[in-house]
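In full-length UniProt numbering, the protein residues as written are 1 to 343.
Here is the structure we will look at, set down as structure tokens.
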Amino acid sequence: MAEAEGNSESVGTVVVAGAANLAIAVAKLVAGIVSGSAAMLSEAAHSVADTTTEVLLYLALRRGARPADVRHPFGYGKESYVWAFLAALFTFVAGAGFAITHGVTTILVHEHSGDYLISYVVLAVSFVIESVSLARAVRQVRGESRRWGTTPRRFLRLTADTTVKAVFLEDSAALIGLLIAGVGLGLSQWTGDELFDGVASILIGLLLLVVAAILARSNISLLVGRAVPERLHREIERELAGLPTVDRVDTLLTMQLGPDDILVAAKIDFRDEATGADIEADADEAERRLTDRYPEIGYVFLDPTRSLPGAGRHARRTQQEPGPAADARATDGPSDQEADGRR
């Protein structure tokens, strides 16, 4: 139920952001053509890229939420990351590429921007509309972060719901881009030099590059098969180790299958005196405990096995080693419910 509500809220956030960006893109394009401003045309490209991104994110939510079937027994959760990655690529190529290219051209040609008034009006209206869209995204982020007992900043860093992260980052970048465009236009009008308009366009393109790179990196990590953060890993391990018949958790592996779907697989060394019935009962209890506490855990596989020297230490190192693996604790995937949870 919580997953369905979260997915519905994400869909609503994406739809609101898409409608806002479409209206803004048309207004900016008209203003850019009339005024000839490079910054305004770059902002129009920015909004077109954001609108296309929202369409791709909507597809990500819809297609990723399809139930499991015979050919895809773990569901379609990872497909949502494919569409979200394509959205990041479109922002990189279409939005950033156009803004930077047009900005350089404006600096070299130094064409007069023409009428500034319409650009200022469109920038002001766009700022209001983008603020409304961002407010909805912020409301969702705050609600989810409260539900998991963490800060909004950490939730954005850890969440595997890349759609809400994308909307938040894109709307934030849109507001910053509008301010940059306004400053560029103002300086060009004040000095009579179109250099500032061109520089503003380039800065908007660089801003889009940063957003696209962050989102692309997040989605690539999740597509490869990201583990849950280390704190949640330890919580799951404690739940399993606390079962009466468990001697130790030999190996514990996790994977984020989708925004609201986690796989847990573990090799468990049960006590020698435990009977087969005891092991079956505790295995069922382990699954019940984990799924009750963390509804995102959809699959739990426990393998009774004898411990091998060093096996448990090696399993934990796979989620603690420095470099890209360590980044899993600071980007996507769920966090634990006590202090640093995720959606």
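For glycine and all other residues, C-beta sits at the position ideal for the given N, C-alpha and C.
Among the options, whose alpha-carbon lies nearest the alpha-carbon of residue i?
| i | options | result |
| --- | --- | --- |
| P259 | E273, G18, L222, A160 | A160 |
| A31 | L179, R234, A44 | A44 |
| T305 | L252, L263, A60 | L252 |
| D284 | R147, D261, T101, Y299 | Y299 |
| L134 | V70, D50, G149 | D50 |
| I107 | G242, L290, L195, L263 | L195 |
| G64 | G198, L257, A96 | L257 |
| L243 | V224, A274, V14, I220 | A274 |
| L209 | R153, A174, F301, D269 | A174 |
| L263 | D278, V228, G182 | V228 |
Identify whether residue i lies in helix, strand or coil by the three-state DSSP scheme.
| i | result |
| --- | --- |
| L253 | strand |
| A65 | coil |
| A266 | strand |
| V246 | strand |
| G36 | coil |
| G225 | coil |
| R317 | Only weak support exists for where R317 lies, its pLDDT of 42 falling under 50; the value from the coordinates is given anyway. If DSSP states are grouped into helix, strand and coil, R317 belongs with the helices. |
| D50 | helix |
| D260 | coil |
| E194 | coil |
| R271 | coil |
| G18 | helix |
| K28 | helix |
Assign residue i to one of two classes, buried (16 or more other C-beta atoms within 10 Å of its C-beta) or exposed (fewer than that).
| i | result |
| --- | --- |
| residue 363 | Here the chain comprises residues numbered 1 to 343, so residue 363 is not present and cannot be evaluated. |
| L240 | buried |
| A20 | buried |
| P73 | exposed |
| L41 | buried |
| E280 | exposed |
| R153 | exposed |
| D282 | buried |
| F98 | buried |
| V132 | exposed |
| S10 | buried |
| V141 | buried |
| F301 | exposed |
| A137 | buried |
What are the boundary residues of the alpha helix (DSSP H) that residue i is part of?
| i | result |
| --- | --- |
| F168 | 162–191 |
| H72 | First-last for H72: undefined, no H or E at that position. |
| Y120 | 117–147 |
| R234 | 230–241 |
| G103 | 97–109 |
| A283 | 276–293 |
| V93 | From DSSP, V93 is part of no alpha helix (DSSP H); its letter is neither H nor E. |
| R154 | 152–158 |
Could you give the first and the last residue of the continuous beta strand (DSSP E) run that contains residue i?
| i | result |
| --- | --- |
| V300 | 297–304 |
Determine, using beta carbons only, whether residue i and residue j come nearer to each other than 7 Å.
| i | j | result |
| --- | --- | --- |
| S47 | A25 | yes |
| T163 | A60 | yes |
| S201 | A39 | yes |
| Y76 | R62 | no |
| A94 | E54 | no |
| V14 | L56 | no |
| F127 | L185 | no |
| D278 | R248 | no |
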